[in-house]
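Mapping of the sequence shown onto my numbering: residues 2 to 383, in sequence order.
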Amino acid sequence: MDSLQTFAAAKLGALERQSLRRRLSPTHRHDGLWVERDGRRLLSFSCNDYLGLSHHPAVKAAACQAIETYGAGAGASRLVTGDGPLLSELERRLATLKGTESACVFGSGYLANAGIIPALVGPDDLVLIDELAHACLFAGAQLSGAALSVFRHNAVADLERRLAAERKDHRRVLVATDGVFSMDGDLAPLDQLSDLCLVHDAWLMTDDAHGIGVLAQGRGSAGLFPDAVVPLQMGTLSKAVGGYGGYLCASAAVVELIRNRARTFIYSTGLPPASAAAAIAALELIEHEPELCALPLAKARRFTALLGLPLAQSPIVAVRIGEADDALAASRALEAQGFLAVAIRPPTVAAGTARLRLTFTARHHDADIARLAEAVRPFVRT
Ligand SMILES: *Cc1c(COP(=O)(O)O)cnc(C)c1O
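Next up, the structure:
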């Protein structure tokens, strides 16, 4: 075997021995609620399609219509010929929902973070980031070449100490956090982070991938903290919005700078027309149906109440198991009872904190949530 094949096989063997090898499971999502795997129908508590919009008739119809009118692809970067007419409408709607002057759409949430951060800070600067923030915020911070300072999860005092000690050595400072943490479902204290950022002249950036569409009538996590100043709000169109794509909502000047400097915006093809149209239709529903937007959190709270877990703060509920193989066993036990509840293992989460990560959607029935709670009960550590 040549060295590349040997390397790959050895790496995979090591992952396998640690129960960390991952495998794709071909999954047919029929309607966003039920999925089919290996010929079995499972009720999914693992999709991020919080409002079921990926299969909403109006959203699907808008995507099909856009393909008929504008074709399957954007054709080029937005700055060349890829700036189709749907994209500016999508950006207007995002800015309206978030209450910002402007918005900028990217190919995905990951691409957004990989582009935004290096466009704003560089080697003379500092990025402070919550230790549990999403991998793509870290990727963006690393690409920027700025100094990186990782503060303890939601620990405002730790962030304050770091700002007091490190701020003076840097030109510009960005503080980045998830608004809703993707693996725990808890919220960042945006009011306190905002206060600190104002005192230290730091720019607060939230990744609201799991907030848009499901918190504060769909406005997202910043909407829960009306006094917080969050000048950089990024997120994704791939979760509650049901499709694909990423965005930044910010001031007109910041968005214009991003369009000029973010490499994942400049050197990557524009979002396909179908994705833009789907997102527009989904945002239309989110704007007009606040009762729908409130359901995922209500369903998650029903579940946490049944098991005596801390009150859910978002549609994501983590049931900590501990070791990776125990989490896999729990997931398999739930699958045997007809539930899809994926185990999340290191390195996605810290060693010893493998878990079932459950997500609740507007479309889950209360009776099914009660059945799930009984199935999960044996795995809840007290
Ligand atoms: C899913 C996710 C992303 C990535 O968004 P994509 O559009 O799927 O690339 C970014 N941040 C957080 C917190 C996420 O959960």
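Beta carbons are placed, not taken as given, at the ideal position from N, Cα and C, and that holds for glycine. Here the structure is a predicted model, which means the values were calculated and not measured.
Classification of residue i by the beta-carbon crowding that lies within 10 angstroms, buried from 16 upward
i    : result
D185 : buried
F8   : exposed
N114 : buried
R24  : exposed
H365 : buried
L13  : exposed
N155 : buried
C65  : exposed
Q314 : buried
V200 : exposed
H135 : buried
S4   : exposed
E384 : Lying before the first or after the last residue shown, residue 384 is absent from the chain, which here runs from 2 to 383.
M2   : exposed
Q6   : exposed
R163 : buried
A368 : exposed
Nearest-angstrom beta carbon gap, residue j and residue i [assumed within contact, 8 Å]
i    : j    : result
I322 : S183 : No, I322 and S183 are not in contact; Cβ-Cβ is about 17 Å, not under 8 Å.
C250 : K99  : 4 Å
V60  : A283 : 5 Å
C105 : Y248 : 7 Å
E288 : G219 : 7 Å
S20  : L329 : 6 Å
Inter-residue spacing [alpha-carbon to alpha-carbon] between residue i and residue j
i    : j    : result
D427 : G212 : Here the chain has residues from 2 to 383 only, and residue 427 is not among them.
I259 : D84  : 15 Å
V386 : A142 : It is not possible to answer for residue 386, since the shown part of the chain is limited to 2 through 383.
S1   : L43  : Absent from the model: residue 1. The displayed extent of the chain is 2 to 383, so no value can be given.
T265 : Q338 : 43 Å
G72  : L34  : 29 Å
D196 : D202 : 10 Å
D228 : S222 : 12 Å
F226 : A15  : 45 Å
S145 : L308 : 43 Å
G110 : A140 : 12 Å
S252 : E102 : 5 Å
A165 : L233 : 22 Å
H29  : V255 : 40 Å
Sub-7 Å separation of residue i and residue j beta-carbons
i    : j    : result
A331 : L357 : yes
L293 : A241 : no
A263 : G40  : no
L80  : I345 : no
L205 : V176 : yes
F361 : P297 : yes
A210 : G244 : no
D446 : D208 : Residue 446 lies beyond the residue range present for the chain, which begins at 2 and ends at 383; the question has no answer from this structure.
L335 : A325 : no
A278 : L112 : no
R38  : S26  : yes
L272 : G236 : no
G108 : S269 : yes
Are there three or more Cβ pairs, one per stretch, closer than 8 Å when the region 172-179 is compared with the region 110-123? yes
Validate contact between the region 137-153 and the region 297-304 using beta carbons, cut 8 Å, 3 pairs: no
Does the region 212-223 touch the region 43-57, meaning 3 or more C-beta pairs lie closer than 8 Å? yes
Residues around ligand 3, please: the condition is that the C-beta lies closer than 6 Å to some non-hydrogen atom of it. As presented, the structure is devoid of ligand 3, carrying ligand 1 as its sole ligands.
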